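Q: One line per chain: the protein sequences are P and L, in this order.
Counting in the numbering used here, the first sequence runs from 1 upward without gaps.
Counting in the numbering used here, the second sequence runs from 1 upward without gaps.
Using N, Cα and C, we set each Cβ at its ideal position, and we do this for glycine too.
Computed from a predicted model, the values in this text were never measured in an experiment.
Protein chains: 2
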Amino acid sequence: MIKEEITKHSIQLFEKKGFSQTSIQDIVDVLDVTKGTFYYYFSSKEQLLMDIHLQYIDNLLSRQQMIFDNTSLTNKEKLEEVILMLIKDIKERGSSGRVFFREIRHLNNMNISKVKEKRNNFRLRIEEVVQEGIKTKEFQSDLPADMIAFGILGVTNYSYNWFNPNGDVSPEELAEIFSKMILNGIVSG
Amino acid sequence: MIKEEITKHSIQLFEKKGFSQTSIQDIVDVLDVTKGTFYYYFSSKEQLLMDIHLQYIDNLLSRQQMIFDNTSLTNKEKLEEVILMLIKDIKERGSSGRVFFREIRHLNNMNISKVKEKRNNFRLRIEEVVQEGIKTKEFQSDLPADMIAFGILGVTNYSYNWFNPNGDVSPEELAEIFSKMILNGIVSG
């Protein structure tokens, strides 16, 4: 409970002030607990950051797996579902996402490798779905699946920088717009 | 000459170590000049960062304007050209781009507003081309041009994080792949 509170408020501080500019003192001040409490749960600020990274990516990986394991979905539908998942997440986990994208360089090298491997897995699974869709002729045959996976993640991940999920366009609407753009293109006819 | 050298090496240091972690001492050490030399050209590390931001975005805005002012291009071709410009830039100006995207929060509020206004203009001009293409029926009529502009910038800007311009896929090839994805979509038929 306290651990979750520390994590939650740290994400907000890291997002606002940046990881380097946020001290353990800042974190315990917000929660009105002692540094001793912090060190009971985390060995360092860096370990807390690693926890945030792992929670974020492990959650995405397991939800992605549920979508991709669903054999009733076409490859096109699988991509639509994963785009929807990522855009809807901006509302619930936007701060985590922004800390995840921005602060990874503050982890130690071993932890960076661990997180990057998971990030790569997330992307490679999207690539596999594109590849599979090419095989089943759902998608065009001349597509480089690896580059398309990067393109899809570009559209979704960049949204964490600008999209206001409480604005005029809902997450569901944005996901549909981006799915259409990626799947059908913007050219008419 | 020295000013350009300071800027160039600062961009590399800011990219590698981050703006906060780079001191003026680090910068002058690389160039083997004194702090006095630094302060002759820049009033502060923050002013140097602002210079980097302005050079980066002003260059993009003027090249974008040349493309969009070219009346012999269709709106589709204008989008292709701007995607090509941004992807090719990763080779020449990738470090500047990454510093631009990542370190803006270290500017003061007035400078953040100035830079954001220019960034917004870059995006709004893309939105206008999409809007114009909808009018001329080059693009589908039900597109929300504002969201599509964000989608296009997502694909291109995210590439600054992962694309190796000296790898197997050339910048020209990647730009063509992304143009096809955005313009025609990935679904076959």
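1) P/G97 touches chain A at which residues, Cβ-Cβ below 8 Å?
2) May I have a chain-ordered list of the alpha helix (DSSP H) segments no shorter than 4 residues that lie completely inside the stretch 4-78 of chain L?
3) Would you say P/L153 reaches chain L, if we count a Cβ-Cβ gap shorter than 8 Å as a contact?
4) Using the C-alpha atoms, what's the distance from L/L60 back to P/L174?
5) By the three-class DSSP mapping on this structure, what secondary structure does L/F139 have?
6) Just reading off the alpha helix (DSSP H) that L/F178 is part of, what are its end residues?
7) If you measure between the beta carbons of L/F101 and L/Y40, is that distance less than 8 Å?
8) Could you check whether the Cβ of L/Q131 sits closer than 8 Å to any Cβ belonging to chain P?
9) Looking only at its own chain, which residues have a Cβ that is under 6 Å from the Cβ of L/F42, when we skip the five neighbours before and after it?
10) Taking its Cβ as the centre, do 16 or more other Cβ atoms sit within 10 Å of P/I2, making it buried, or is it exposed?
11) Which residue or residues does DSSP assign as beta-bridge partners of L/V187?
12) Can you check whether the C-beta of L/M181 is within less than 8 Å of a C-beta belonging to chain P?
13) Considering only residues of the same chain and omitting the five flanking positions on each side of L/I11, which have a CB-CB separation below 8 Å?
14) What residue does the alpha helix (DSSP H) around P/I148 start on, and which one ends it?
15) Near P/I57, what residues of its chain come up, given a Cβ to Cβ distance below 8 Å and the 5 sequence neighbours on each side ignored?
16) How would you label P/S179, buried or exposed, when you count the other beta carbons within 10 angstroms and need 16 or more for buried?
17) Looking at the structure shown, is L/D168 part of a helix, part of a strand, or coil, going by DSSP?
18) For P/F150, would you say it is in contact with chain L, using Cβ-to-Cβ distances shorter than 8 Å as the test?
19) Would you tell me roughly how many angstroms separate the C-alpha atoms of P/V155 and P/D168, rounded to the nearest one?
20) Exposed or buried, which one is L/E4 when buried takes at least 16 other CB atoms within 10 Å?
21) Could I get the ranges of all uninterrupted beta strand (DSSP E) runs contained in the stretch 76-143 of chain L, with 3 residues as the minimum, in chain order?
22) Counting only Cβ pairs nearer than 9 Å, list the residues of chain P close to L/N111.
A: Once the coordinates are examined:
1) In the structure shown, chain A cannot be found, because the protein chains are P and L.
2) Counting whole runs of 4 or more residues, the stretch 4-78 of chain L contains the alpha helix (DSSP H) stretches 24-31, 35-41 and 45-68.
3) In the first sequence, the residue the question calls residue 153 of chain P occupies position 153. Taking CB atoms only, P/L153 has a neighbour in chain L less than 8 Å away.
4) Working through the first sequence from its first residue, we reach residue 174 of chain P at position 174. Working through the second sequence from its first residue, we reach residue 60 of chain L at position 60. The alpha-carbon atoms of P/L174 and L/L60 are separated by roughly 27 Å.
5) Here the question's residue 139 of chain L lines up with position 139 in the second sequence. In this structure, L/F139 counts as strand in the three-state DSSP scheme.
6) In the second sequence, counting from the first residue as 1, residue 178 of chain L sits at position 178. In the DSSP annotation of this structure, the continuous segment of the alpha helix (DSSP H) that includes L/F178 starts and ends at P171 to N184.
7) Here residue 101 of chain L refers to the residue found at position 101 when the second sequence is read from its first residue. Here residue 40 of chain L refers to the residue found at position 40 when the second sequence is read from its first residue. No Cβ-Cβ contact shorter than 8 Å links L/F101 with L/Y40.
8) Start at 1 with the first residue of the second sequence, and residue 131 of chain L comes out as number 131. Not flagged as an interface residue toward chain P: L/Q131, since no C-beta distance is shorter than 8 Å.
9) On the second sequence, residue 42 of chain L is found 42 positions in, with the first residue counted as 1. Result list for L/F42: L48, in chain order.
10) Against the first sequence, residue 2 of chain P aligns to sequence position 2. With fewer than 16 Cβ atoms within 10 Å of its Cβ, P/I2 is classed as exposed.
11) Taking the first residue of the second sequence as position 1, residue 187 of chain L is located at position 187. For L/V187, which the question treats as bridged, DSSP gives the partners P/F139.
12) The residue labelled residue 181 of chain L in the question sits at position 181 within the second sequence. So yes, L/M181 belongs to the interface.
13) As a working note, residue 11 of chain L is residue 11 in the second sequence. Same-chain partners within the cutoff: I52, S95, S96 and V99.
14) Taking the first sequence and counting its residues from 1, one reaches residue 148 of chain P at position 148. Counting along the chain, the unbroken alpha helix (DSSP H) around P/I148 starts and ends at A145 to W162.
15) Taking the first sequence and counting its residues from 1, the one referred to as residue 57 of chain P is at position 57. If we look at P/I57 and ignore the five residues flanking it on each side, its Cβ neighbours are F100, V115, K118, R119 and F122.
16) The residue labelled residue 179 of chain P in the question sits at position 179 within the first sequence. P/S179 should be labelled buried.
17) Working through the second sequence from its first residue, we reach residue 168 of chain L at position 168. For L/D168, the secondary structure class from DSSP, reduced to helix, strand or coil, is coil.
18) Locating residue 150 of chain P in the first sequence gives position 150, counting from the first residue. For P/F150, the answer is yes, since a Cβ of chain L falls inside 8 Å of its Cβ.
19) Translated into the one-based positions of the first sequence, residue 155 of chain P becomes position 155. Translated into the one-based positions of the first sequence, residue 168 of chain P becomes position 168. Between P/V155 and P/D168, the alpha-carbon positions lie close to 19 Å from each other.
20) For the purposes of this step, residue 4 of chain L is taken as the residue at position 4 of the second sequence. Burial call: exposed.
21) Counting only runs of 3 or more, we get nothing.
22) Position 111 of the second sequence, counted from the start, is the residue given in the question as residue 111 of chain L. Within chain P, no residue comes near L/N111; the closest Cβ sits about 17 Å away, beyond 9 Å.
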